[in-house]
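Below is one structure, written out as structure tokens, with a few remarks after it.
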Amino acid sequence: MTTDEIVEVAEDYTQDAHLFAELLRAGGPVRRVRLPPRGLQCYLVTGFAEARALLADPRLQKNSQGIRELFEAKLPPDAPQNSVGQDLNWHMLNSDPPDHTRLRKLVNKAFTSRTVARLRPRVEEITAELLDALAGQERADLVPSFAAPLPITVICELLGVREEDRTEFSDWSKTLLNAAVRPEDAQNAAQSMFAYLTGLIAQKRAEPAEDLLSDLVHASDDGDSLSEPELVSMAFLLLVAGHETTVNLIANGVLALLREPEQLARLRAEPELMPGAVEEFLRFDGPIHLATLRFTAEPVEAGGVTIPAGEFVLVSLLGANRDAERFPEPDRLDITRAAGGHLAFGHGIHYCVGAPLARLEAEIALGSLLARFPDLALDAKPDELVYRQSSLVHGLEALPVRLR
Ligand code: HEM
């Protein structure tokens, strides 16, 4: 079946992302939509089986040139053009094989479970310092005080970003992911980011240090086929991924527990359930809403719909992870359910390279937070909480809590 119906998506769909996905899925697992803010027309996938199949389908591609050409062809003529950040685009998440294979190979080893396990003592130390800083307070916003600084510190230390540069970098990163930002502000943030990363790479080339970015500079100098634009874009991707994802796993996980006292009590009583609980937080309310943009290189059939060649496809990871066909009673948080197999980290060749690091950080962060603050409680009504305006990240602007 081809479908002519186009669902007009409301501007505020990010504020109730699960309801949005559920309503779409009720009309079918693959729907044609027009997305704000620029009126982009695409096929949006909310069924688990269809999402999993399409994420791993080589007929769906991601290379930035193909995406750009399709944007030019598809966007309404009066839509603002998106040339923001093109210098930062030459990374693996915008590549198809063989480029993707080559780029990913360069960092795979740095993020295996074994390599990442060595970071445990340092992640515990940073976590303890952040919790110490909260210790005297009655109330706090857990996003800026805890959930964000932990993964930001870890990824900046891994790549070798100086402490004094981190606030500026975080601000640019936030600006770039904000769908509601003015195009000139996004352009400025991208230019600042590019200039900063180019400088940082020059510095690592001149004075190599014990960090991943220095290793990557050497890999490219040794002829391991990493061009300068690819190097800058790799640093950009790893840093932004490290800044914008795990923060939401921690904050969304805390929120889920504070809203389900029985589950919270169970996890406090049986802390060994934490690894499984983290998988359930990823399934139940993951950090990424829509996976990054793909397009069909040839016609593809999914969920009874034929998506013609040359169409954009977006996969709702939140929607897929709450498909009752795959996870019974999907809207219920159950830290003991077999949540493995969820799509919060994507699927196929672009499966998240940082998944072992994210899991480690979340287990330590959530375990330590619960142990330190036995009376932790939500300090807002759930409907007062505001989500970030982004099609990509699903995360809270703030998470007010009472600590005692
Ligand atoms: C809970 C935290 C995280 C979540 C939920 C997450 C989620 C994802 C998802 C869904 C994708 C695939 C996107 C797509 O196919 O369109 C992805 C890819 C990626 N993630 Fe993560 N991520 C997390 C943490 C991290 C961290 C900490 C890093 C930093 C090292 C990272 C680095 C990457 C990279 C480099 C890719 C691209 C992989 C490729 O194209 O082959 N992620 N992530």
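Sequential numbering of the sequence shown, starting at 1, is according to the UniProt record's numbering. No residue lacks a Cβ here, since even glycine has one placed at the ideal position from N, Cα and C. Keep in mind the model is a prediction, meaning the values are calculated, not measured.
Go ahead and label residue i buried or exposed: buried means 16 or more other beta carbons lie within 10 angstroms of its beta carbon, across all protein chains shown.
i, result
"residue 413", "In the structure as shown, the chain starts at 1 and stops at 404, and residue 413 therefore has no counterpart that could be examined."
"D285", "buried"
"L19", "exposed"
"Y351", "exposed"
"K204", "buried"
"V278", "buried"
"N321", "buried"
"K62", "buried"
"I6", "exposed"
"P275", "exposed"
"P29", "buried"
"E127", "Sequence check: residue 127 is Thr here, not Glu. The residue in question, T127, is buried, as its Cβ has 16 or more Cβ neighbours within 10 Å."
"R31", "buried"
"G303", "buried"
"T14", "buried"
"P287", "buried"
"N89", "buried"
"D12", "exposed"
"G199", "exposed"
"E230", "buried"
"R104", "buried"
"V217", "buried"
"R404", "exposed"
Nearer than 6 Å: is that true of the beta carbon of residue i relative to any heavy atom of the ligand ATP?
i, result
"T153", "This structure simply doesn't include the ligand ATP; it includes the ligand HEM instead."
How about residue i: is its Cβ closer than 6 Å to a heavy atom in the ligand HEM?
i, result
"R120", "no"
"H350", "yes"
"L98", "Per the sequence shown, residue 98 should be read as Pro rather than Leu. It does not: the Cβ of P98 is nowhere closer than 6 Å to a heavy atom of the ligand HEM."
"G340", "no"
"V393", "no"
"L44", "no"
"A358", "yes"
"A241", "yes"
"A291", "yes"
"R104", "yes"
"V353", "yes"
"T112", "no"
"L237", "yes"
"G27", "no"
"L93", "yes"
"A319", "The amino acid at residue 319 is misidentified as Ala; the sequence shows Gly. No, the ligand HEM has no heavy atom inside 6 Å of this Cβ."
"P287", "yes"
"G346", "yes"
"L249", "yes"
"T127", "no"
"T175", "no"
"T245", "yes"
Run through the DSSP bridge pairs and tell me what residue i is partnered with.
i, result
"S316", "L290"
"V45", "V30, V315"
"Y387", "L396"
"L35", "L40"
"Q65", "For Q65, which the question treats as bridged, DSSP gives no partner whatsoever."
"L60", "T296"
"V401", "A140, L378"
"E8", "R34"
Q. Quick one: any contact between the region 311-331 and the region 40-59, if contact means 3 or more CB pairs under 8 Å?
A. Cβ pair count under 8 Å is three or more, so yes.
(Q) Three or more C-beta pairs under 8 Å: does that hold for the region 105-122 against the region 346-366? (A) Result yes; three or more Cβ-Cβ pairs closer than 8 Å.
Q.
Under 8 Å: do the region 184-191 and the region 262-275 share three or more Cβ pairs, one atom per stretch?
A. Too few Cβ pairs lie closer than 8 Å, so no.
Q) For the 8 Å Cβ check, are there 3 or more pairs between the region 369-382 and the region 215-229? A) Flag = no, the region 369-382 and the region 215-229 do not touch.
Q. At which residue ranges does the region 226-276 contain complete alpha helix (DSSP H) runs of 4 or more residues, listed in the order of the chain?
A. Secondary structure in the region 226-276: the alpha helix (DSSP H) runs of 4 residues or longer, each lying completely within the stretch, are 228-244, 246-258, 261-269 in chain order.
**Q.** Length-filtered (4 minimum) alpha helix (DSSP H) runs lying within the region 159-218
**A.** The qualifying runs are 166-177, 183-206.
(Q) Under 8 Å: do the region 122-129 and the region 269-283 share three or more Cβ pairs, one atom per stretch? (A) Contact annotation: the region 122-129 does not touch the region 269-283, with fewer than three C-beta pairs closer than 8 Å.
Q) If you scan the region 294-379 from start to end, which runs of the alpha helix (DSSP H) of 4 or more residues do you find wholly inside it? A) If we require 4 residues or more, the alpha helix (DSSP H) runs fully inside the region 294-379 come out as 317-320, 355-372.
Q) Enumerated in chain order, which unbroken segments of the alpha helix (DSSP H) with a length of 4 residues or greater are wholly contained in the region 117-144? A) Runs of the alpha helix (DSSP H) spanning 4 or more residues and lying entirely within the region 117-144 occur at 120-134, in chain order.
Q | Stretch-stretch touch, CB-based, cutoff 8 Å, three pairs: the region 331-347 with the region 87-103 | A | Contact between the region 331-347 and the region 87-103 is absent, because fewer than three Cβ pairs lie under 8 Å.
Q) Counting Cβ pairs, one atom from each stretch, are 3 or more of them under 8 Å apart for the region 149-165 and the region 387-396? A) Segments in contact, no.
(Q) Three Cβ pairs or more, each shorter than 8 Å: is that satisfied between the region 292-304 and the region 250-263? (A) With the rule of 3 Cβ pairs closer than 8 Å, the region 292-304 does not count as touching the region 250-263.
Q) Is it true that the region 155-166 meets the region 212-220, where meeting means three or more beta-carbon pairs spaced less than 8 Å apart? A) With a cut-off of 8 Å, the region 212-220 and the region 155-166 count as touching, because enough Cβ pairs lie within range.
Q: Say whether the region 64-81 touches the region 43-52, bearing in mind that this needs 3 or more beta-carbon pairs closer than 8 Å, one atom from each stretch.
A: In the pairwise beta carbon analysis, the region 64-81 is classified as not touching the region 43-52: fewer than three pairs are separated by under 8 Å.
Q. What are the uninterrupted segments assigned as alpha helix (DSSP H) that are 4 or more residues long and contained completely in the region 83-111, given in chain order?
A. The qualifying runs are 99-108.
Q) Looking at C-beta atoms only, is the number of pairs between the region 395-403 and the region 234-252 that lie closer than 8 Å three or more? A) With a cut-off of 8 Å, the region 234-252 and the region 395-403 count as touching, because enough Cβ pairs lie within range.
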